[in-house]
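Chemist: Each residue of the sequence shown is one higher than the one before, starting from 26 at the first, in the working numbering. This is the structure I have questions about; it appears just below.
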Amino acid sequence: ELDRDEIDFSLEVTSAGATSPLEHARQFKKNIGRSLEIRTTDNTKYVANLVKADDEAITLQWKAREPKPIGKGKITVKKEAVLNYNEIEQAKVKIKF
């Protein structure tokens, strides 16, 4: 039994593998519906939801604010990107609290 008054200590609770990069198709398939942070081989960065994953590629979706085609202001548009696994430099699940 530890007594905080006698010995100073700290306790950290982590989830094993929660911050490990995704590397295999099966890992991407398991994380469909989650938000990912991805860096591609050409250094493009995405923070998007993983909506599809198969043996060759993944599909990401996100919302972006863009200028209206006519007039002032901005509108929210849905964006989508399909990335082959060989285009992904690093991919991590974005943990939400």
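We put the beta carbon where it would ideally sit given N, CA and C, even for glycine.
1. For Glu31 and Val76, I'd like the C-alpha separation in whole angstroms.
2. Near Ile83, which residues of its chain fall below 7 Å by C-beta distance, leaving aside the five closest residues on each side in sequence?
3. Just to confirm my understanding: we take Lys119, look at its own chain, exclude 5 residues before and 5 after, and list those with CB closer than 8 Å. What are they?
4. Should Asn68 and Glu112 be called a contact, given that it needs their Cβ atoms to be closer than 9 Å?
5. Would DSSP call Glu91 helix, strand or coil?
Modeler: The relevant details are as follows:
1. Working through the sequence shown from its first residue, we reach residue 31 at position 6. Working through the sequence shown from its first residue, we reach residue 76 at position 51. Their backbone Cα atoms lie some 51 Å apart in a straight line.
2. In the sequence shown, residue 83 corresponds to position 58, counting from 1. Same-chain partners within the cutoff: Phe53, Leu75, Lys77 and Leu108.
3. The residue you call residue 119 lines up with position 94 of the sequence shown. Arg59, Ser60, Leu61, Glu62 and Val72.
4. Mapped onto the sequence shown, residue 68 falls at position 43. Mapped onto the sequence shown, residue 112 falls at position 87. Not in contact: Asn68 and Glu112 (Cβ atoms no closer than 9 Å).
5. Translated into positions along the sequence shown, residue 91 becomes position 66. Correct three-state label for Glu91: strand.
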